[in-house]
Every structure is written in structure tokens, then in C-alpha cells.
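Chemist: A single structure is presented below for examination.
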Amino acid sequence: MNTLISEQNPEREYRAAMQDAALCYMQRHQAEHLGNDQQLFTRTVTHLQTTLDVPNFLAETLTGLAYGELRAGAGQRRLDLKNSSESVAVFADPASGKSYAVPVALIFQYLVEASEPRPKTLSN
Numbered sequence: 001m002n003t004l005i006s007e008q009n010p011e012r013e014y015r016a017a018m019q020d021a022a023l024c025y026m027q028r029h030q031a032e033h034l035g036n037d038q039q040l041f042t043r044t045v046t047h048l049q050t051t052l053d054v055p056n057f058l059a060e061t062l063t064g065l066a067y068g069e070l071r072a073g074a075g076q077r078r079l080d081l082k083n084s085s086e087s088v089a090v091f092a093d094p095a096s097g098k099s100y101a102v103p104v105a106l107i108f109q110y111l112v113e114a115s116e117p118r119p120k121t122l123s124n
């Protein structure tokens, strides 16, 4: 079925190929940019523009999509947006195959409010 769709839609096929190229480029070069994902992103956009002649707006869009694939497929713990809601955050751990539902109120209580400066008490 995908072959039939791609034969009928060369634009979709082009976009998929350029997104794959961006993903491959990021996979090859991510070790050069440990801790600086923005630099990897920028280099990938430049690569698509200069090497593959992809227009800037499309290069940025496809690099963003490829970056999402790169991070989702890295086996990292992540926020599961599909299963989360306004009041419950669902975290997925691909290594263990487990998911954890955490009420947003607890996140605020233990992370946000706990890190706010607290008034100092005077001691004698």
C-alpha cells in the first residue's frame, strides 16, 4: 500500500526521503554535539540546504521531525504525550517497558514549589 501511495504522491516521497536524510545525518554526527542539540539541529538544517538543496523552511521542518524520531528512538525515558492529560503526566521507560502515571499536582509539589526560595527564619 505504501508503494502505491508514494508513486501517486512524489511530494510525500520527497519529504520522507529528506527527513530520512536528516535523521541519518543526526545519527552520524550526534556524538560531536553531546549536550548541544541546538548545534546538531542547525548543522543538520545546513546540511539539507547545502548538500541536498532543500529550501530553508522545509529543511527546518523536516529536521524537527527527524529530531523527534532521533530522541524517541533513543530508548530514553520520556513524557508520553499521547497518554498524558492536563492532570496526569505519563512517563515511559523503554528500557524496562514500564509506564508511570504521575499527578501533575505532585510534580508541582515536589519539583516546582520545593525549588522556590523559602523565607528564612531568624534564629537566636
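Heads up: the sequence shown at position 55 corresponds to 55 in UniProt numbering, and the numbers run straight through without jumps. Cβ coordinates follow ideal geometry from the N, Cα and C atoms, glycine included.
1) Residues bridged to F91 by DSSP?
2) Quick one: residues in its chain with C-beta nearer than 7 Å to the C-beta of N56, no 5 flanking neighbours on either side, listed in chain order?
3) Are the beta-carbon atoms of V54 and M18 separated by less than 8 Å?
4) Would you report the Cα separation of N9 and L70, rounded to the nearest angstrom?
5) For L52, does the count of other Cβ atoms within 10 angstroms reach 16, so buried, or fall short, so exposed?
Modeler: Put simply:
1) Looking at the DSSP assignment, F91 forms a beta bridge with L79, Y100.
2) The answer, listed in chain order, is Q49.
3) yes
4) 25 Å
5) By the neighbour-count rule (16 or more Cβ atoms within 10 Å), L52 is not buried but exposed.
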